[in-house]
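Below you'll find the structure, written out as structure tokens, and then a few comments.
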Amino acid sequence: MRLPRTAHTDRAWRIHEIAHDFTVEDVWALPTPGGPADLVWLVRQIAEGMSGGVTGEGLVSRALFAIRWKLGALLGWDKSGTGIGTRLPTLRDRLPADLREGPRGPDLGSSPFTALYQREDEWAAEMGNKTVHAVMHIGWVPDGSGGYRGQMAVLVKPNGFFGALYMAAIKPFRYIGVYPALMRAIGREWRANAAVRSGH
16 MRLPRTAHTD RAWRIHEIAH DFTVEDVWAL PTPGGPADLV WLVRQIAEGM SGGVTGEGLV
76 SRALFAIRWK LGALLGWDKS GTGIGTRLPT LRDRLPADLR EGPRGPDLGS SPFTALYQRE
136 DEWAAEMGNK TVHAVMHIGW VPDGSGGYRG QMAVLVKPNG FFGALYMAAI KPFRYIGVYP
196 ALMRAIGREW RANAAVRSGH
């Protein structure tokens, strides 16, 4: 379920200190019901999916990601020298000492994302290329029924006019193909791993 931006901005996340000049693009409630300490399981699940490449399902989602990476290769959006640590400074340089010295979160392998920090109730990772600098923020929030669930926010900082145009162009495809498939995949895997979580 898509949520209003205030579902992210009204919470006292540490990411606000770090990505204050980013725009909250999307906020989603994740189908991951659990207990107060279950964020670690969600982060592990997302990281395992991302480290192998694209997290998603279905022909539309896979096709959209394939088109995006082909365009990126053709136009040089993702080539070496255009991302974090080269064209873009990493947000880890903005982390206060307690977050910089604390756990960073799992290695994301071949994913374009790199983990920034992990706390008991939030985890953040960043990616960057010629079009945009983006943050994926995963929070763990009360669900209003005595339990907890995940919440995903996507924060972006487009690179100039072209970056803003790119974000506007892909918006319908994100809502029609990518996000619905991603939510189903996250929920299905969360349910499949219920026995593993309950055994720890």
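Here the sequence shown is numbered in the working numbering, starting from 16 and rising by one per residue. Heads up, the beta-carbon is just placed ideally off N, CA and C, and yes, glycines get one too.
Hey, out of Ala34, Gly49, Thr21 and Arg17, whose CA is closest to Ala209's CA?
-> Per the Cα distances, Gly49.
Would you call the CB atoms of Tyr217 and Pro51 closer than 8 Å?
-> This structure cannot speak to residue 217, because the chain is shown only from 16 to 215.
Own chain partners of Thr38 with C-beta closer than 6 Å, once the 5 adjacent residues on each side are dropped | Cβ neighbours of Thr38 beyond the five flanking positions: Val171.
Nearest-angstrom Cα distance between Arg134 and Ala179?
-> Approximately 31 Å, taken between the alpha carbons.
Out of Pro187, Ile33, Thr24 and Arg26, state which residue places its alpha-carbon closest to the alpha-carbon of Thr105.
-> Considering only alpha carbons, the answer is Ile33.
CB Trp43 to CB Met16, shorter than 8 Å?
-> Result yes, Cβ atoms of Trp43 and Met16 sit closer than 8 Å.
Buried versus exposed, by CB contacts within 10 Å (16 or more), Lys186 | With fewer than 16 other Cβ atoms within 10 Å, it is exposed.
Unbroken alpha helix (DSSP H) run spanning Thr24, endpoints = Taken as a continuous stretch (DSSP letters only), the alpha helix (DSSP H) holding Thr24 covers Thr21 to Thr24.
Within 8 Å, strictly: CB atoms of Met167 and Met142 = No, the pair does not count as a contact, with Cβ atoms beyond the cut-off.
Counting only runs of 4+ residues fully inside the segment 110-137, write out the alpha helix (DSSP H) ranges in chain order.
-> DSSP runs (the alpha helix (DSSP H)) wholly in the segment 110-137: 112-116.
If you drop the 5 nearest sequence neighbours on each side, which residues of the same chain put their C-beta closer than 6 Å to that of His23?
-> Setting aside the 5 residues that flank it on each side, His23 is surrounded in the same chain by Val39, Val42 and Ala168, each with a C-beta closer than 6 Å to its C-beta; the list follows chain order.
Leaving out the 5 sequence neighbours to the left and right, which residues in its chain are closer than 8 Å to Val147 when beta-carbon positions are compared?
-> Once the five neighbours on either side are set aside, the close Cβ partners of Val147 are Val171, Lys172, Pro173, Asn174, Gly178, Tyr181 and Met182.
Selected residue, minimal CA-CA separation from His123, among Gly214, Gly117, Trp28 and Ile61 = Contrary to the premise, residue 123 reads as Leu rather than His in this sequence. The option with the nearest alpha carbon to Leu123 is Ile61.
Can you tell me whether Val58 is buried or exposed, with buried defined as 16 or more other CB within 10 angstroms of its CB?
-> With 16 or more Cβ atoms within 10 Å of its Cβ, Val58 is classed as buried.
For Ile30, does the count of other Cβ atoms within 10 angstroms reach 16, so buried, or fall short, so exposed?
-> Classification of Ile30: buried, given that the 10 Å Cβ count is 16 or more.
If you scan the segment 143-199 from start to end, which runs of the beta strand (DSSP E) of 3 or more residues do you find wholly inside it?
-> Counting only runs of 3 or more, we get 147-157 and 163-173.
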